[in-house]
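Chemist:
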Amino acid sequence: MGFPHPPHPRENQILSTHFGDPAAVSLEGWRERGGYRALEQARSITPEAVTDIVKASNLRGRGGAGFPTGLKWSFMPKEKKGPHYLCVNADESEPGTFKDREIMRWTPHQLLEGTLIAMHAIRADVGYIYIRGEFTDVYRIMEAALEEARAAGIFGDSRVYLHRGAGAYICGEETALMNSIEGRRGNPRIRPPFPAQVGLFGQPTTINNVETLAAVPHIVTRGGDWYRGLSLSSPKSSGTKLFSVCGQVQPPGNYEVTMGFPLKELLHDLCGGPRPGRSFKAVIPGGSSVPILTAAEADETLLDYEGCVERGTMLGSGGVIVFDDSADMVYQIMRLARFYAHESCAQCTQCREGTAWTTKILERLLAGKGRPEDIDLLYDLSENMTGKTICVLSDSCAAPVVSGLNKFRDEFDTYLRHAVA
Amino acid sequence: MHQTTAIHEPVFTGENRARLEDEMARYPTKRAALLPALWIVQQARGWISDQAMGEVAEVLDLTPAYVKGVVTFYTMYHEHPVGTYFIQVCTTSPCNVCGAEDVVQALLQHTGCGDLGATSPDGRYTVIEVECLGACGFATPLLVNDDFIESVTPEGVPALLERYR
Ligand SMILES: Cc1cc2nc3c(=O)[nH]c(=O)nc-3n(C[C@H](O)[C@H](O)[C@H](O)COP(=O)(O)O)c2cc1C
Ligand code: SF4
Ligand code: FES
Numbered sequence: 052m053g054f055p056h057p058p059h060p061r062e063n064q065i066l067s068t069h070f071g072d073p074a075a076v077s078l079e080g081w082r083e084r085g086g087y088r089a090l091e092q093a094r095s096i097t098p099e100a101v102t103d104i105v106k107a108s109n110l111r112g113r114g115g116a117g118f119p120t121g122l123k124w125s126f127m128p129k130e131k132k133g134p135h136y137l138c139v140n141a142d143e144s145e146p147g148t149f150k151d152r153e154i155m156r157w158t159p160h161q162l163l164e165g166t167l168i169a170m171h172a173i174r175a176d177v178g179y180i181y182i183r184g185e186f187t188d189v190y191r192i193m194e195a196a197l198e199e200a201r202a203a204g205i206f207g208d209s210r211v212y213l214h215r216g217a218g219a220y221i222c223g224e225e226t227a228l229m230n231s232i233e234g235r236r237g238n239p240r241i242r243p244p245f246p247a248q249v250g251l252f253g254q255p256t257t258i259n260n261v262e263t264l265a266a267v268p269h270i271v272t273r274g275g276d277w278y279r280g281l282s283l284s285s286p287k288s289s290g291t292k293l294f295s296v297c298g299q300v301q302p303p304g305n306y307e308v309t310m311g312f313p314l315k316e317l318l319h320d321l322c323g324g325p326r327p328g329r330s331f332k333a334v335i336p337g338g339s340s341v342p343i344l345t346a347a348e349a350d351e352t353l354l355d356y357e358g359c360v361e362r363g364t365m366l367g368s369g370g371v372i373v374f375d376d377s378a379d380m381v382y383q384i385m386r387l388a389r390f391y392a393h394e395s396c397a398q399c400t401q402c403r404e405g406t407a408w409t410t411k412i413l414e415r416l417l418a419g420k421g422r423p424e425d426i427d428l429l430y431d432l433s434e435n436m437t438g439k440t441i442c443v444l445s446d447s448c449a450a451p452v453v454s455g456l457n458k459f460r461d462e463f464d465t466y467l468r469h470a471v472a
Numbered sequence: 008m009h010q011t012t013a014i015h016e017p018v019f020t021g022e023n024r025a026r027l028e029d030e031m032a033r034y035p036t037k038r039a040a041l042l043p044a045l046w047i048v049q050q051a052r053g054w055i056s057d058q059a060m061g062e063v064a065e066v067l068d069l070t071p072a073y074v075k076g077v078v079t080f081y082t083m084y085h086e087h088p089v090g091t092y093f094i095q096v097c098t099t100s101p102c103n104v105c106g107a108e109d110v111v112q113a114l115l116q117h118t119g120c121g122d123l124g125a126t127s128p129d130g131r132y133t134v135i136e137v138e139c140l141g142a143c144g145f146a147t148p149l150l151v152n153d154d155f156i157e158s159v160t161p162e163g164v165p166a167l168l169e170r171y172r
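Laid out in structure tokens, this is it:
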């Protein structure tokens, strides 16, 4: 197991306080650190009261879409007609993102506590934690934590199970995830109906990301106002966020900062900046599905939902991918397009064909066989892939391609100039 | 690890049967136990043959065609035998810019696999490239069967393989 970097004084560690502390992994260790008191507190008040605290905190989903968590919970029916479900999204597969894995491997009970609080708030009978198939070590840790909690009677009337994925990025999309739990191919579903009405097994369901749920016990204990007050820039973004910094930067790792923290300071002060003799060229701030920033744009970006949108990109999952001046942007963008082509579930024509053709054209360009009209063709394909499909995987492929073409056009042109006719 | 005989020995007997029933109790439908059932097969046999898919279909009241449709959707299920040690290396951008392709080359060379997806002549190794493993800050991560290993370098490959003889 890799070890986390030592905490930096400018981090604001709430979720990551116990990263790197093996003693925090067990139930006993978690209890010694104050664990499961928030659950007790939450269970002593009504589901509505818990939801209100989370609403007041302004917590927004950390899985990528940033939807307000309390509001999402309030969509669940107040009157139960059948079972309610909670799905915990631990599919973490967005390139650049590796925060949920750290939460689960160092603080499995932090996630479990948040899960049980959410289940109380939405009156869920059963919770399924969907862990991507490749997370073998995390699966074992979570399994042990569940076993401990079950033996200690912490579950009460709730039932919580792990469900192991089997290799498919698309299963992180919430409706594909439900299909996958049901034993189907992981194809996203057309909405409406929304999961809060017709979700898992046709019943009312809420889906939340691991990091979202891990924040919940802290909010219950310290109050919605406290959490809402954690904000360095836009009041619409509150709390702390784990940023998974990776790529050509030293040292990579998860850094927890207050919303609105400057990206430049994250990369240069918390991390140690570029490798010796190198300079940054490009940064993707929110996982591979969001538009690429030039290093100059990154220097101006504040890390919250609004701050990223202001610079033409998105906060997404908080996977910060860094490229230095040695990176071949055309090749790296092709690799990202190939990722989406590989992961497309192939239901929608624009996505199936668009991701495949985008990859083929970029490969052709890299092989010295590009044609001048390929640039327009790439723009054209991307336009057709945006806003037209059942889920946003298709848009996600277009994001790095279009922003890459706009901002690193010279690198594409160099390949074109050297093309052999 | 491989099943070589043509006759299908049922998987779901004894302990595997008990594991399957435990899984089935977690869901309101039989179909939902399909992914767990396929994992049990793969752990027992190393891969999932057509006959095994038939057995899974039977115990879960599904058709063999349905089961195959699900198996083919998920990349981690093997429809063919693979090497004793199945190695999956991430080569997606974040790891790619940190030298993941050099790790792959070193693995291909030291395992004798030659090509991606091919099994080494001694039957020990299969190496494939996979997309993001969710450990991008620990480039280059890889899986050897169920062992998740981080921060692998080309130089570290021989020592790594020593552990999987
Ligand atoms: C293609 C695709 C992949 C996704 N992958 C993940 C994932 O791996 N983990 C995750 O939490 N959310 C993922 N999401 C977002 C989920 O659909 C959903 O918005 C999220 O789990 C909701 O939880 P939250 O509100 O707590 O963020 C993905 C979305 C799409 C379109
Ligand atoms: S956009 Fe792509 S991944 Fe999403 S449903 Fe359509 S084909 Fe599947
Ligand atoms: S890109 Fe390699 S683990 Fe994410």
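Going down the list, the sequences are from chains Y and B. So that you can map any letter, position 81 of the first sequence is 132 in our numbering, and since no number is skipped, the others follow by simple counting. So that you can map any letter, position 129 of the second sequence is 136 in our numbering, and since no number is skipped, the others follow by simple counting. Ideal Cβ placement from N, Cα and C applies to all residues, glycine included.
In chain order, what residues of the same chain have a beta carbon less than 8 Å from the beta carbon of Phe245/Y, not counting five sequence neighbours either side?
Modeler: So the list reads Phe126, once near-sequence residues are dropped.
Chemist: Examine chain Y for any beta-carbon lying closer than 8 Å to the beta-carbon of Val164/B, and answer yes or no.
Modeler: No, its Cβ sits nowhere closer than 8 Å to a Cβ of chain Y.
Chemist: Have a look at Leu353/Y and Cys359/Y and give me their C-alpha separation to the nearest angstrom.
Modeler: So the two alpha carbons sit approximately 6 Å from each other.
Chemist: Let's test the definition: count the other Cβ atoms within 10 Å of the Cβ of Arg61/Y and tell me whether it reaches 16, buried, or not, exposed.
Modeler: Exposed: under 16 other Cβ atoms inside 10 Å.
Chemist: In the DSSP assignment, what are the bridge partners of Asn457/Y?
Modeler: Paired residues: none, contrary to the question.
Chemist: For chain Y, check one thing: does any of its Cβ atoms lie closer than 8 Å to the Cβ of Glu136/B?
Modeler: No, because no Cβ of chain Y sits closer than 8 Å to the Cβ of Glu136/B.
Chemist: Interface residues of chain A around Gly304/Y at Cβ under 7 Å?
Modeler: Structure shown: chain A not included; protein chains present are Y and B.
Chemist: Given a limit of 7 Å on CB to CB distance, which residues of the stretch 56–80 of chain B reach chain Y?
Modeler: Listed in sequence order: Gly76, Val77 and Phe80.
Chemist: Just to confirm, are Tyr87/Y and Glu198/Y a CB contact at a threshold of 8 Å?
Modeler: Not in contact: Tyr87/Y and Glu198/Y (Cβ atoms no closer than 8 Å).
Chemist: Quick check: the Cα distance between Ala349/Y and Thr364/Y, rounded to an integer number of angstroms?
Modeler: Answer to the nearest angstrom: the Cα atoms are 10 Å apart.
Chemist: In chain order, what residues of the same chain have a beta carbon less than 7 Å from the beta carbon of Tyr391/Y, not counting five sequence neighbours either side?
Modeler: Only Thr406, Leu444, Ser447 and Cys448 meet the Cβ criterion.
Chemist: Over what stretch of residues does the alpha helix (DSSP H) that includes Gly21/B continue unbroken?
Modeler: Its alpha helix (DSSP H) spans residues Gly21 to Met31.
Chemist: Following the continuous alpha helix (DSSP H) through Thr263/Y, name the residue where it begins and the one where it ends.
Modeler: That run of the alpha helix (DSSP H) goes Val261 to Arg273.
Chemist: Pull up the distance between the alpha-carbon of Cys442/Y and that of Pro165/B, whole angstroms please.
Modeler: Going by the C-alpha atoms only, they are around 43 Å apart.
Chemist: Of all residues in the structure, which have a C-beta closer than 6 Å to any heavy atom of ligand 2, taken in chain order?
Modeler: Cβ-based neighbours of ligand 2 within the cut-off: Ile221/Y, Pro239/Y, Ser395/Y, Cys396/Y, Ala397/Y, Gln398/Y, Cys399/Y, Cys402/Y, Arg403/Y, Thr440/Y, Ile441/Y, Cys442/Y, Leu444/Y and Ser445/Y.
Chemist: The alpha helix (DSSP H) spanning Asp188/Y covers which residue range?
Modeler: Thr187 to Ala202 is the span of the alpha helix (DSSP H), which, as asked, contains Asp188/Y.
Chemist: By the DSSP assignment, the alpha helix (DSSP H) with Leu149/B in it spans what residues?
Modeler: Run containing Leu149/B: none in the alpha helix (DSSP H); it sits in the beta strand (DSSP E), Leu149 to Val151.
Chemist: What would DSSP say about Gln301/Y, mapped onto helix, strand or coil?
Modeler: Gln301/Y falls in the coil class under three-state DSSP.
Chemist: For Phe19/B, decide whether its Cβ has a neighbour in chain Y, counting only Cβ atoms nearer than 8 Å.
Modeler: No - not a single Cβ of chain Y is within 8 Å of the one on Phe19/B.
Chemist: Assess, as a yes-or-no matter, whether the stretch 99–118 of chain Y is touched by the stretch 272–285 of chain Y under the definition of 3 or more beta carbon pairs within less than 8 Å.
Modeler: The answer is yes - the stretch 99–118 of chain Y touches the stretch 272–285 of chain Y, with three or more Cβ pairs under 8 Å.
Chemist: If you compare alpha carbons, which of Thr440/Y, Gly455/Y, Pro286/Y and Phe463/Y is closest to Asp425/Y?
Modeler: Answer by Cα proximity: Phe463/Y.
Chemist: Output the boundary residues of the beta strand (DSSP E) element that contains Gly370/Y.
Modeler: That run of the beta strand (DSSP E) goes Gly370 to Asp375.
Chemist: Cβ closer than 7 Å: which chain Y residues qualify as neighbours of Pro35/B?
Modeler: Near Pro35/B (Cβ distances below 7 Å), the residues of chain Y are Phe252.
Chemist: Based on Cα-Cα distance, which residue from Lys123/Y, Arg84/Y and Pro239/Y lies nearest to Ala397/Y?
Modeler: Ala397/Y has its Cα closest to that of Pro239/Y, out of Lys123/Y, Arg84/Y and Pro239/Y.
Chemist: Using a Cβ cut-off of 8 Å (strictly closer), state whether Gln10/Y contacts chain B.
Modeler: No answer is possible for residue 10/Y: the residues shown for chain Y start at 52 and end at 472.
Chemist: Under three-state DSSP, which class holds Cys448/Y?
Modeler: In this structure, Cys448/Y counts as helix in the three-state DSSP scheme.
Chemist: Between which two residues does the alpha helix (DSSP H) holding Thr409/Y run?
Modeler: That run of the alpha helix (DSSP H) goes Thr400 to Leu417.
Chemist: At a Cβ threshold of 8 Å, is Gly112/Y touching chain B?
Modeler: False, the Cβ-Cβ gap to chain B never drops below 8 Å.
Chemist: Apart from the five residues just before and just after Tyr179/Y, which ones in its own chain have a Cβ nearer than 6 Å to its Cβ?
Modeler: The residues are Cys138, Tyr212, His214 and Ile232.
Chemist: For Gly141/B, is the beta carbon positioned less than 7 Å from some heavy atom of ligand 3?
Modeler: Result yes, Cβ under 7 Å from ligand 3.
Chemist: So Cys138/Y is in the beta strand (DSSP E); what residue range does that whole segment cover?
Modeler: Its beta strand (DSSP E) spans residues Tyr136 to Ala141.
Chemist: Only counting runs of 4 or more residues, tell me where the alpha helix (DSSP H) segments fall wholly within the stretch 114–180 of chain Y, in order along the chain.
Modeler: 120–125, 150–157 and 159–172, all fully within the stretch 114–180 of chain Y.
Chemist: Using the three-state DSSP reduction, which class does His117/B fall into: helix, strand or coil?
Modeler: Helix at His117/B.
Chemist: Can you tell me whether Cys120/B sits near ligand 3, meaning its C-beta is under 7 Å from at least one heavy atom of the ligand?
Modeler: Cys120/B Cβ: outside cutoff for every heavy atom of ligand 3.
Chemist: Please tell me whether Phe374/Y and Ala347/Y are closer than 8 Å, where the distance is taken between their beta carbons.
Modeler: Against a cut-off of 8 Å, the Cβ pair of Ala347/Y and Phe374/Y comes out as no contact.
Chemist: Can you list, in chain order, the residues of the stretch 83–96 of chain B whose Cβ is nearer than 9 Å to any Cβ on chain Y?
Modeler: Listed in sequence order: Met83, Tyr84 and Gln95.
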